[in-house]
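> With numbering that gives the first Met the number 0, letter number 35 in the sequence shown gets 34, and the count goes up by one each step, no holes. Take a look at this one; I'll ask things after.
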Amino acid sequence: MTSTKHLAVFSLILILTFDCKSKINEFQKTQQYIVIAVPESYIREKPDFNSKIVGSVPFHTRIAITRDTKENIGPPGWDKITFQNITGFINLNEIRSDEIPLKILRSKKSSDGKFELIELNSKDSEQNFCGFWHSGFCTMQIIDLENQKIIFEKINYKFEDFLDEKNIVISYGGGESCDEHFRYLNINLETLEESIFLKYSFETINCNEDNKSNKYIHHLCIKNNCFTINEGESSYTIKNDNTGISKIVESEDHFKFKRNTWKNPEIEINGKKYNFLEYFYK
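Shown next, in the form of structure tokens:
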């Protein structure tokens, strides 16, 4: 009788142990990622960019992250990681999922044949081009053809053009009727350093469906030259944020910036097109 009772208790313990393990596995999921930060992504003691750096993961290293969906392991944008026996937090903007197969949508080589730029998207996606927010994001990579390796990667950006053999411009952005944000980055192919080539955004004051009555605040940076444009009733004021110099433009229309002229930014005033910098400084 005693042995039967002990056997029943032992069986119950086994069942409970198995059940607990099943529940733990149910809430834990391990996913594979690739580090896309150049030249490395730092592991921090706490989920904060000001926190102490305890280690790093080199560019394009594959890592595994195990999440417990029952626990909040950190603020949005961070995940806990253990890499080479170092545990800390890594920023999600510096990694991408390695579990989604990618396909090439577009590629272009530099004129000297040293580099190739490729745009990729999910293999299962029906999207056949890289767009902005409304069209869908892509992953952009730079390939060193001489060494046959990926040297740079950025998610959510698309390739714009080569400026010369050593510099390219990539872009990111989108928005809705009441606000837009666009960024054009210059990437030096030799140093892989990033710099702002052009940045443009606008926000709407008391946004409503009547576009004509809306008033906008625009922000435009052309390399290191930054401007704020405030719309009034029958004019708008362009102010150089660096110098404080302002220019009033008489116009019944909204301030119109042509994004497709990012190489030499143009604005439209009363139906006429002008080079933005030439118009402001004339």
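Ideal Cβ positions, reconstructed from N, Cα and C, are used throughout, including at glycine. Note that the structure is a prediction, hence the values are computed from the model and not measured.
#1: Do you know how far the Cα of T236 is from the Cα of Y278?
#2: Pull the bridge partners of S250 from the DSSP assignment, please.
#3: Terminal residues of the continuous beta strand (DSSP E) containing Y156?
#4: Would you identify the three-state DSSP class for T227, choosing helix, strand or coil?
#5: With C-beta atoms as the reference, is F114 less than 8 angstroms away from L144?
#6: Please classify F158 as buried or exposed, where buried requires at least 16 neighbouring CB atoms within 10 angstroms.
#7: Taking Cβ positions only, does I154 come closer than 8 angstroms to chain C?
#8: Taking only three categories from DSSP, how would you classify L276?
#9: Round the Cβ separation of D98 and Q31 to the nearest angstrom and send it over; I've been treating them as touching at under 8 angstroms.
#10: What is the C-beta distance between I221 and L276, in whole angstroms, given that I count them as a contact (C-beta under 8 angstroms)?
#11: With a CB to CB cut of under 6 angstroms and the five nearest residues on each side skipped, what residues in its chain are close to P74?
#12: Less than 8 angstroms between the CB atoms is what I'm expecting for F136 and I154, so what's the real figure, rounded?
#13: Cutting at 6 angstroms between CB atoms, please list the residues of its own chain near K108, excluding the five before and the five after it.
#14: Can the beta-carbon of E179 be found less than 8 angstroms from the beta-carbon of F201?
Here's the rundown:
#1: C-alpha separation (whole angstroms): 13 angstroms.
#2: BP columns for S250 are empty, so no partner.
#3: Per DSSP, Y156 belongs to no beta strand (DSSP E) and is neither H nor E.
#4: In the three-state reduction of the DSSP assignment, T227 falls in the strand class.
#5: Yes, they are a contact pair.
#6: By the neighbour-count rule (16 or more Cβ atoms within 10 Å), F158 is buried.
#7: In the structure shown, chain C does not exist; there is a single protein chain.
#8: Note: L276 maps to helix in three-state DSSP.
#9: Note that residue 98 is Glu in the sequence shown here, rather than Asp. Yes, they are in contact, since the Cβ atoms of E98 and Q31 sit about 5 angstroms apart, within 8 angstroms.
#10: Their Cβ separation, rounded to whole angstroms, is 7 angstroms, which keeps I221 and L276 in contact under 8 angstroms.
#11: Answer for P74: P46, listed in chain order.
#12: Taking a contact as a CB-CB distance under 8 angstroms, the pair F136 and I154 counts as one, their CB atoms being some 7 angstroms apart.
#13: Excluding positions up to five away in sequence, the list reads E115.
#14: Their beta carbons are under 8 angstroms apart, which means E179 touches F201 by this criterion.
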